[in-house]
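Input: a single structure, listed below in structure tokens.
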Amino acid sequence: MPLMPGAEPYHHEAGQIGVLLCHGFTGTPQSLRPWGEYLAGHGISVSLPRQPGHGTRWQEMNRTRWEDWYAEVEKAFADLQGRCAEVFVAGLSLGGCLALRLAEVHGSAIRGVMVVNPSIANDVPLLRLAPLLKWFVPSVPGVAGDVKKPGVIELAYTRTPVKAAASLPGLWSLVQADLAKVTQPLLVFHSTQDHVVKPTSVAILRAKVPQATIEELTDSYHVATLDNDADRIFAGSLDFIRTHASVPLQRD
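For the sequence shown, our numbering assigns the number 775 to the initial residue and increments by one for each residue that follows.
Written out as structure tokens, the structure is:
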């Protein structure tokens, strides 16, 4: 299946600290590539995989489920772990949920977690109907492109594949049930205006992960990594890595 131009994965090999970046539901690596390139420019090894079913056609995504997307980031984590002394995980939206799941599963093998507008709760009424709708409706209008900054385009599907979406509640439930296993440092960037993910997810993290640091973004919408607060996210994540890594960055 041909890829959308710009949807390619991104990898950079540098120092002994690695960061795995996880893109969001119906999105592509394009939404996180500037973040990855920023970290790479500061001597960090970066892995930004393309999850199955993404970056081609929404019909292709309907053949995949959350287990497929998680398997891809799990594979990327294992690769980074084999090449780096320490690994951090990060993600946008549902990619933040995948990053948290990695932290729950791998414990101390992950040095820290950074998430941007994470989605870990079933707070959209339509999604509650997805297990039924999937038998009758192949797709519904998409949620991509929630960016405040003029002229910025998120490379993502304009339709939401319902069969794929119907698998999301299973992942959300699993991640919420195991949040006590997230003992690593956690940095959460939260847009105060987000038209895709409601504040429920951040409220849950605030309540259940006491070591979480919440940074509010006041000038961005959901895809904050491409928005007005992107530089703040990038610099904040670099400071977070410097604070919690036990080995120096290659360019420090």
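Glycine residues also receive a C-beta, built at the ideal position from the N, C-alpha and C atoms. Computed from a prediction, not measured in an experiment: that's the story for all the values here.
Proximity test, residue i beta-carbon vs the ligand NAP heavy atom, cut-off 7 Å
i: residue 797; result: By its list of ligands, the structure shown contains no ligand whatsoever, and the ligand NAP lies outside what it can speak to.
Burial state of residue i (16 or more Cβ within 10 Å)
i: residue 875; result: buried
i: residue 810; result: buried
i: residue 927; result: exposed
i: residue 1013; result: exposed
i: residue 1003; result: buried
i: residue 885; result: buried
i: residue 911; result: exposed
i: residue 1005; result: exposed
i: residue 1021; result: exposed
i: residue 835; result: buried
i: residue 932; result: exposed
i: residue 958; result: buried
i: residue 781; result: buried
i: residue 1009; result: exposed
i: residue 800; result: buried
i: residue 985; result: exposed
Collapsed DSSP secondary structure at residue i in the structure displayed
i: residue 1017; result: helix
i: residue 963; result: strand
i: residue 788; result: coil
i: residue 811; result: helix
i: residue 769; result: The question about residue 769 has no answer here: the residues shown for the chain are numbered 775 through 1026.
i: residue 806; result: coil
i: residue 782; result: coil
i: residue 994; result: coil
i: residue 1023; result: coil
i: residue 822; result: strand
i: residue 794; result: strand
i: residue 919; result: coil
i: residue 1005; result: helix
i: residue 1010; result: helix
i: residue 1000; result: helix
i: residue 775; result: coil
In DSSP terms, what residue i is bridged to
i: residue 816; result: Per DSSP, none; premise fails for residue 816.
i: residue 914; result: 934
i: residue 989; result: 963
Top-ranked residue by Cα proximity to residue i, from the options
i: residue 854; options: 925, 913, 787; result: 787
i: residue 1015; options: 864, 949, 799; result: 864
i: residue 870; options: 979, 995, 933, 784; result: 979
i: residue 831; options: 913, 950, 966; result: 913
i: residue 941; options: 971, 969, 894; result: 894
i: residue 965; options: 847, 792, 922; result: 922
i: residue 977; options: 957, 1011, 995, 897; result: 897
i: residue 962; options: 776, 838, 1007; result: 1007
i: residue 955; options: 882, 848, 939; result: 882
i: residue 948; options: 867, 857, 827, 879; result: 879
i: residue 1018; options: 943, 887, 844, 819; result: 887
i: residue 842; options: 920, 828, 989; result: 828
C-beta neighbour in chain B for residue i, strict 8 Å
i: residue 993; result: Here chain B cannot be found, since the structure has a single protein chain.
Going residue by residue through the segment 924-959, where are the continuous alpha helix (DSSP H) segments of at least 4 residues, counting only ones entirely within it?
936-939, 942-951
Contiguous beta strand (DSSP E) assignments of at least 3 residues, all confined to the segment 838-912:
860-866, 886-890
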